[in-house]
Amino acid sequence: AVTLNTVVNGLCKAGQVDAAEAVVRDSAPTRQATVFTYNVVIDKLAKLGRWDAGQQLFREMIRHGCKPDAVTFTILVSEACKQRRIQDAVSLVQEMKKTKPCSSSSSSSAARLPFNMVLNALAKSGKMEAAEEIYGSMEAEDWIGCDLVTYNTMLDGYFRAGRAGDGYRVFAELLLSGFVPDTLSFNALLGCLCCEGKLDQAVATFWGRMRERTGCWPDAVTYTLLVCQCCKQREIEQALRIAAEMIDRGFVPA
RNA sequence: UCUAUUUUUAGUUC
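Take any residue in the first sequence, count from 1 to its spot, add 1387: that is its number in this note's numbering.
Laid out in structure tokens, this is it:
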């Protein structure tokens, strides 16, 4: 098995993917190929944009009793997202949920990665119903779970979809799960408040809750968001106050 | 062996 990995790895590095694929395929009856072996080739195929070939090998590994791990799914999902094949990415992650890859490279955070990637792709394309479904299954499965990135991604999705109410709900869920919101969480929350026209609450949050016991500070995004929103609402005084702090802290106006 | 996993931008004029 070690030598097979070495050969396959070498072939891939030398750009001989087809040969590598053939070697892995021929070795199937001997069961010498490990997840690692398959991952190397599937990754190379993905990098070359050969989606179908990658899928095929993925199916083959399963058929031959080699169980894909979190890395396998990450390879395929990241490639699917890159190619805007959102539906494929969703299907992969659903399949992963069913097969529940265990041990080896499947620490909880490794398992979470492809799910977060899909969530991001969905949030970016406004498909929040689909995102919500995945998010729900992450919460439900203890071997996956949600992390700050998960919550921030959902928050951002709802913010850009203009769905403030759902944004607040996710923010509450973040807190309920015991996470401490960071600057990104607050930026999305502030965005939700602004898009609902609750500028006063956004400003209050900015000066208050955001810096209390969270240890997080406004960043360039926070300042841009609030200064622009204040200007839009003709709250020039407030805009200037915020801009002043921004300058104080060494941020340069764009 | 994988990683595109999370954030912003007003008004004016045309």
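Beta carbons: idealized from backbone N, C-alpha and C, even for Gly.
Going by C-alpha positions, Leu-1577 is about 18 Å away from Arg-1621. Shortest Cα-Cα distance from Cys-1603 to any of Arg-1471, Arg-1446, Glu-1624 and Pro-1568 involves Pro-1568. Here Cys-1603 carries a coil assignment [DSSP, helix/strand/coil]. Membership of Leu-1435 in any alpha helix (DSSP H) is not indicated, and neither H nor E is assigned to it by DSSP. Cys-1399 and Val-1428 do touch by the CB rule: their CB atoms are close to 6 Å apart, below 8 Å.
The beta carbon of Ala-1388 sits closer than 7 Å to those of Gln-1419 and Thr-1421, all from its chain and outside the five residues before and after it, given in chain order.
In the three-state reduction of the DSSP assignment, Gln-1403 falls in the coil class. The Cβ-Cβ distance between Ile-1473 and Ala-1508 falls below 8 Å. With 16 or more other Cβ atoms inside 10 Å of its own Cβ, Thr-1540 counts as buried. Glu-1516 places its beta carbon 8 Å or farther from that of Ala-1551. At least 8 Å separates the beta-carbon of Phe-1593 from that of Thr-1611. In the structure shown, Lys-1514 falls within a coil segment according to DSSP collapsed to helix, strand and coil. Here Ala-1440 has Leu-1432 as same chain residues with Cβ atoms under 6 Å from its own Cβ, once five neighbours each way along the sequence are excluded.
By alpha-carbon distance to Trp-1530, the top candidate from Arg-1450, Leu-1479 and Ser-1496 is Ser-1496.
The alpha-carbon of Leu-1613 is positioned some 15 Å away from that of Ser-1572.
Lys-1619 and Val-1477 have their C-alpha atoms roughly 38 Å apart.
Straight-line measurement puts the Cα of Ala-1548 at about 17 Å from the Cα of Val-1505. Shown here, Ser-1564 sits in coil according to DSSP, grouped into three states, outside any helix or strand.
Secondary structure of Arg-1412 (DSSP, three-state): helix. Per DSSP, reduced to three states, the secondary structure at Glu-1520 is helical.
Membership of Ser-1478 in the alpha helix (DSSP H) is indicated by the continuous run 1473-1486. Per the C-alpha coordinates, the member of Tyr-1425, Asp-1405, Gln-1403 and Asp-1413 positioned closest to Asn-1392 is Tyr-1425. Per DSSP, the unbroken alpha helix (DSSP H) holding Asp-1635 starts and ends at 1623-1635. Measuring C-alpha to C-alpha distances from Arg-1598 to each of Ala-1575, Thr-1570 and Leu-1580 identifies Thr-1570 as the nearest.
In its own chain, leaving out the 5 sequence neighbours on each side, no residue places its CB closer than 7 Å to the CB of Cys-1615.
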